[in-house]
Amino acid sequence: TALRAEAERNRRDEEWIRFQVEELTAANLREGELARIEAEQSVLANADAIGEAIVASRNALDDEQMGVLLQLKTIEQAMSGVATNYAPAGELFERVHSALLDLKDVSSELATAAEHIDADPERLSQVVARIDLIYSLQQKHRVTTEAELIALRDKYSAQLQTITSGDERVVALEQHIAELRTEALRRADEIHAARAKAVPSIDAALSSTLAELGMPSARFTVDVATQEELLPTGRDRVSFLFTANAGIAPQPVEKIASGGEISRVMLALKALVARSMQLPTIIFDEIDTGVSGQIADAMGRIISDLSRSMQVINITHLPQVASKGKTHFVVYKEDTLLGAMTSIRQLSARERVDEIAKMLSGSTVTSAAIEQARCLLEAK
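What follows is the structure, given as structure tokens:
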């Protein structure tokens with residue numbers, strides 16, 4: 232099966248995927264780590280120069296004889312001494328005092344920094360190795376961030392989990408398929424039994440209707456053949472068999488019936504289905520094709536009978552059928568400024584006589600056609 236083929240392909244990839252998972256997991260990757268340790272590497276690699284700069288800066292600030300802090304303190308005291316007599320000295324005092332406070336903070340921070348700046352070759356070696364590892368993994372997997380490496384690790388882990396549980400999954404799914412097939416076969420058998428039970432009544436009803444439609448020797452039968460293959464509609468292949476003449480074995484209706492016979496068979500079938508399903512509405516679109524005369528009149532009666540229990544919309548060119556309707560609409564085309572338009576209009580009683588007469592005699596309506604139209608309408 233497709234599932235087993237997929238499981239086999241996955242097993243072939245298992246060793247490679249497992250190695251990727253183990254390698255990425257062992258790396259213990261964390262988002263943002265690379266930027267942090269690269270900054271640490273820069274400090275460790277230049278620890279001596281950084282330490283010397285800090286010491287020189289602290290000496291410049293804190294020297295007991297010439298330090299900047301000492302000199303600013305001297306200026307501060309001098310400005311404070313003359314501020315009473317010299318107004319600008321007060322502002323200068325404040326500015327020097329502020330600078331003195333800032334530089335004291337700088338001196339304190341330099342002292343703290345000096346405690347943390349230490350040339351540590353062992354730690355530098357560890358950091359460089361860690362950076363090399365992350366860059367080598369990024370290059371190998373063609374990504375640029377730790378987040379992408381972590382996502383790959385999770386992806387491969389999920390694939391590995393699918394592979395390791397693949398056989399169990401295949402077995403479980405195959406068991407589920409077998410259970411579903413058993414249930415489908417059970418239901419198919421129920422459907423077959425229902426079909427077989429309905430066949431005699433369908434055959435009798437259709438043969439009776441076909442007799443009304445001028446085929447007293449016609450036989451219609453439904454052949455229900457069971458097979459092993461399950462179809463969307465069950466295990467049956469259903470064929471409609473028909474013969475119009477006694478002594479001739481029924482054959483598939485689509486192979487043996489003429490146009491007029493097919494029209495009558497279709498009407499009989501649709502009438503039976505409509506009644507059994509209690510449809511609210513049924514539409515017949517020229518179902519009377521290929522018939523005329525008495526047969527058309529019989530079809531009209533059957534369609535009219537259906538209208539007693541449901542709405543029937545029937546499209547026809549036969550006067551015998553059109554005359555059976557309770558309401559008559561005419562569909563016609565006309566040319567307008569916008570082009571050809573198709574319209575529909577309900578006919579009055581008088582217009583209906585004229586329309587039936589046209590259907591009887593063509594474009595030239597004769598008095599005989601009008602009289603016959605009245606007879607058809609009265610006989611309905």
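Heads up: take any position in the sequence shown, counting from 1, add 231, and you land on my numbering. Heads up, the beta-carbon is just placed ideally off N, CA and C, and yes, glycines get one too. These figures come from a predicted structure and were not determined experimentally.
Local conformation of residue i per DSSP, three classes
i, result
"GLU295", "coil"
"SER470", "strand"
"THR457", "strand"
"LEU462", "strand"
"ARG373", "coil"
"TYR317", "coil"
"THR558", "coil"
"ILE518", "coil"
"ARG350", "Rather than Arg, the amino acid found at residue 350 in this sequence is Ala. Of the three classes helix, strand and coil, the one that applies to ALA350 here is coil, per DSSP."
"GLY531", "helix"
"HIS548", "coil"
"PRO447", "coil"
"VAL596", "coil"
"ALA258", "coil"
"GLY524", "helix"
"SER329", "helix"
"ALA342", "helix"
"SER288", "helix"
"GLY282", "helix"
"ALA415", "helix"
"SER311", "helix"
"ALA477", "coil"
"SER439", "helix"
"SER538", "coil"
"GLY432", "It should be noted that the sequence gives Ser, not Gly, for residue 432. SER432 falls in the helix class under three-state DSSP."
"SER367", "helix"
"SER396", "coil"
Beta-bridge pairing of residue i - partner residues as DSSP gives them
i, result
"ALA564", "Reading off the sequence shown, one finds Lys at residue 564, where the question assumed Ala. Partner(s): THR573."
"ASN452", "Checking the sequence shown, residue 452 turns out to be Thr, not Asn. Note: THR452 sits in a beta bridge opposite LEU472."
"VAL543", "ILE513"
"PRO483", "LEU472"
Enclosing alpha helix (DSSP H) for residue i [first to last residue]
i, result
"LEU275", "264–276"
"ALA505", "490–508"
"ALA589", "The amino acid at residue 589 is misidentified as Ala; the sequence shows Lys. Its alpha helix (DSSP H) spans residues 580–592."
Cβ pair residue i, residue j closer than 8 Å
i, j, result
"VAL484", "VAL455", "no"
"LEU300", "SER338", "yes"
"THR512", "ILE544", "yes"
"GLU269", "ILE362", "yes"
"ILE493", "THR474", "no"
"ALA435", "LEU441", "no"
"LEU260", "ARG354", "no"
"SER538", "LYS564", "no"
"MET530", "LEU444", "yes"
"SER175", "LEU549", "One cannot answer for residue 175 here, as it falls past the ends of the chain, which runs 232 to 611."
"ILE381", "ILE281", "no"
"ILE365", "LEU265", "yes"
"ALA378", "GLU262", "yes"
"GLN542", "PHE560", "no"
"THR452", "ARG466", "no"
"PRO331", "GLU307", "Per the sequence shown, residue 331 should be read as Leu rather than Pro. Going by C-beta atoms, LEU331 is nearer than 8 Å to GLU307."
Cβ neighbour criterion (16 or more within 10 Å) applied to residue i
i, result
"PRO352", "exposed"
"VAL562", "exposed"
"ASP566", "exposed"
"MET310", "buried"
"ASP387", "Here the sequence assigns Tyr to residue 387, which means Asp is not the residue at that position. Its Cβ being crowded by 16 or more others within 10 Å, TYR387 is buried."
"LEU498", "buried"
"ILE587", "buried"
"ARG418", "exposed"
"ALA553", "buried"
"GLN406", "exposed"
"ASP519", "buried"
"VAL402", "exposed"
"ASP244", "exposed"
"GLY312", "exposed"
"ALA527", "buried"
"ARG384", "buried"
"ILE534", "buried"
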